[in-house]
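S.K.: Going by my numbering, the sequence shown runs without a break in its numbering and finishes at 696. Have a look at this one before I ask anything.
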Amino acid sequence: MTLIINRILHASTKRKLENAVLFSILIFIYKIFFPATDNLFVLLLGEIFILITLYLWAVYVVEFIRNKTSAILSVIVTSGIFTAIVIFIVKTAYMLFSYPYSFTTKVESNFFESLFNAFLMLVLIVAIAYIFQTIKTLFFLRQKRNPSFYFNLMVLFFIFTALAGSVEYINNDIQFLVDILEGISISLILMNSFRVAWIAFLTKKQKISLLGLSIIMIVLFAVGTSVSFLYNFPLPALTMILRLVMIYGIIYYSVIFFTTLFHIPTAAAIDRKTEELSSFMDLNSLINQVFDINELSDTVTKMTRNVCNCEAAWLATSFNEEDTIQSVNSIGYLQAENITSNLRQKDLLSHDINTFNLKTLSNEEQQGFESVVVAPLKMHGKINGYLFAARENDMFFDDEDKKSISAFADYAALALENAKLIQESIEKERLEKELDVAREIQRKILPKSIPKVNYLDIASLFIPAFEVGGDYYDFFELDNENIGFIIADVSGKSIQAAFIMAEVKGIFKSLSGVTNTPKELFIKANEILKESLDRKSFVTATYGILNIKTGKFSFCRAGHSPIMHYTNNQIIKYIPQGIGLGIEKSDRFASIIKEMEIQLNYNDILILFTDGINESQNKSLEEYGYNRLEKVIKENKEGDMNTLAKKIIESVSLFSKDSSQHDDITLVLFKWKRSEERRVGKECRSRWSPYH
């Protein structure tokens, strides 16, 4: 039996309706063929079918009632409509057939009366099912403990009473048993009618509506109880169930009426606490979901005004004692700014919540308000703003108001701080994407490989920092005898430096083919860059031309790091005069920059680098410097240039291992491998290939 009930309860809505309709059809057919009977077995069979059908319709309609529990008053109204339908059905049957109620009355019905009775009985079953399930839903609503035992016990006695009434219809000797069971059922109704915890969760407006609605329901159920004695269908179980449900309705809605009446005086306070709790929950949700500062501010001021029952609310953010109105509610920005400014000037804004009587101010300073409460927005001991609430009347803010506003201010401070952090995170993510673009530009600008030239060992190495700088180097094929190369560093970081570096690459690439000397190239490059670079941007660079036949090296330096030349077991630093490209806007650049020329000997090494090497720092903020670089060069001068480059980077990395790299590191090395004997009298044949 339990298994069958569980299957019915967990069936789909469509299946529940099909079951209810199927049994309704069976009852309809039964009523046509057996409109009245003296056979106890046939009568009880019909009563059992009636009770099963009533149960199936109750299981079906409960889905509709549960879906409307958020609008509980509308459920009660619908239940009242069904109660009126019951009254109408019973009254109509009485007026048409005029059969006084008596279990002992045995009547013979004609076919028309049987058909009409069957139809009315089915409508009555649906109506009773809905009414009963409405009371049941209210009974279980908002209960902390499960009171199903007492309710099910009451339903069980309803069934016993109904079946006993059916037996009494045949045998009047058990009238006393019917009275006893009916009395027990009513006692259980009384005990179960005090389950009305849901009333406390209604608003004051809803409680007032419920008060009037409960009176109407009491009257309807009272009328329903009286008419249940008018007509015998003549299946007495349904009549008995109808009467018990009507009595249950009278008692339950009477309890609702008095309980609601007692709740009215405290309804306003409960509504306020409920609204506060709801507002705090909404704010807590906004803290995790909404990242727009303006939207958060508007929500805070709106909730403050509603909960504290004030005429206006506004929120101001503060920085260095300068207040900015972030959001207003039911007050103009200018009004809010004037009141805030007056309180600030009078040194009334503090670390604690305060209320102020604006009557002490002039009419112009009051801005139409008589009292105001101010709560600071504190985060980590720092005040980031203030939350204001103002009233136009002389009802000053009490302790409850101040507690609520203070709590809103705390939530607002946290929400605004979270929104600020999120915006900073978004900005950081945007910058990181920008850096990725700059790194990609830088990667594509640098040469993919180094040239291979007879008697010349060349190595280059580039290590980007997290922040993109503007380091750049390149090699140029000038003619069969000369190689040009450049190393440069664009000022600044990020994508701007990367774009300038791309421009610089194009300029040097173009000018290297039309100029004959490094000085001439720098002069022409400066003419171009001084027009395109702003005052904060410039380019330092070293450009040199190496004759691969004679070993003569001519170069110019535009404010760049010195060139190191290892020769005869010593290192010479060349720092010819020159300033960064784009700095000097006049023609003085040509007179400032100087060109030098040196002769390379066998196994001489040229070292070109950017300041990412010599300015690398350790945890003590000590720079790597030139001396350490010179030492590494001397210790590894005999090896190839790739090995020397790795040793230099290894030395720099070990030195600055406890400090992050803040600038790009670029290193270009040349080693002259042609001796004087090989050079004299022999033609130099180079293998120049800028790419492998």
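For every residue, glycine included, the Cβ atom is placed at its ideal position computed from N, Cα and C.
1. Jot down the residue ranges of each uninterrupted beta strand (DSSP E) in the stretch 520-586, minimum 3 residues, whole runs only, in chain order.
2. Which of helix, strand or coil does DSSP assign to residue 263?
3. Report yes if the CB atom of residue 231 is closer than 7 Å to the CB atom of residue 127, and no otherwise.
4. With a floor of 3 residues, list each beta strand (DSSP E) that falls wholly inside the stretch 203-255, ordered by position along the chain.
5. Run through the DSSP bridge pairs and tell me what residue 600 is partnered with.
6. Is the distance from the Cβ of residue 376 to the Cβ of residue 360 below 7 Å?
7. Would a C-beta distance cut-off of 7 Å place residue 263 and residue 200 closer than the cut-off?
8. Which residues in the same chain as residue 467 place their Cβ atom closer than 6 Å to its Cβ, once the five residues preceding and following it in sequence are excluded?
9. Considering only residues of the same chain and omitting the five flanking positions on each side of residue 225, which have a CB-CB separation below 6 Å?
10. Going by Cα to Cα distance, which pick from 243, 434, 141, 156 is closest to residue 172?
11. For residue 488, which residues does DSSP report across the bridge?
12. Please classify residue 111: does DSSP put it in a helix, a strand, or coil?
13. How is residue 447 classed by DSSP in three states: helix, strand or coil?
14. Per DSSP, what kind of secondary structure is residue 258 in: helix, strand or coil?
15. Which same chain residues end up closer than 8 Å to residue 599 when comparing Cβ atoms and leaving out the 5 residues on each side of it in sequence?
16. Nearest CA to the CA of residue 194: which residue from 144, 258, 455, 396?
17. For a test of your reading of the model: does the CB of residue 350 fall under 6 Å from any non-hydrogen atom of the ligand MG? Yes or no.
18. Who does residue 4 pair with in a DSSP beta bridge?
19. Among 72, 55, 268, 675, which has the Cα closest to the Cα of residue 211?
20. Decide if residue 149 is buried, meaning its Cβ has at least 16 other Cβ atoms within 10 Å, or exposed.
21. Going by DSSP, what residues sit across from residue 87 in a beta bridge?
22. How do the stretch 639-654 and the stretch 414-429 stand: do at least 3 beta-carbon pairs fall below 8 Å, yes or no?
23. Closest by CA to residue 161, which one among 183, 177, 656?
24. Exposed or buried, residue 567, counting other C-beta atoms within 10 Å across all chains shown (16 or more means buried)?
25. Output the distance between the C-alpha atoms of residue 146 and residue 88, rounded to the nearest integer angstrom.
26. Pairs of beta-carbons, one from the stretch 442-455 and one from the stretch 646-658, closer than 8 Å: are there three or more?
27. Let me know the secondary structure DSSP gives residue 59 once reduced to three states.
28. Indicate whether the contact test is met: 3 or more Cβ pairs, each with one atom in the stretch 17-25 and one in the stretch 202-216, closer than 8 Å.
M.R.: A quick look at the data gives this:
1. 543-551, 556-562, 567-571, 574-578
2. helix
3. no
4. The DSSP assignment places no complete run of the beta strand (DSSP E) inside the stretch 203-255 (cut-off: 3 residues).
5. 559
6. yes
7. yes
8. 669
9. Counting only Cβ-Cβ distances below 6 Å, and skipping sequence neighbours, we find 250, 253, 254.
10. 243
11. 480, 549
12. Its pLDDT being 44, under 50, residue 111 is placed unreliably in this model, and the coordinates cannot settle the point.
13. helix
14. In the displayed model, residue 258 falls within a helix according to three-state DSSP.
15. 521, 522, 523, 558, 559, 560, 580
16. 258
17. This structure lacks the ligand MG; in fact it carries no ligand of any kind.
18. This structure cannot speak to residue 4, because the chain is shown only from 5 to 696.
19. 268
20. exposed
21. In DSSP, residue 87 forms no bridge with anything.
22. no
23. 183
24. buried
25. 28 Å
26. Between the stretch 442-455 and the stretch 646-658 there are fewer than three C-beta pairs closer than 8 Å, too few to call the two in contact.
27. Residue state, collapsed to three classes: helix.
28. no
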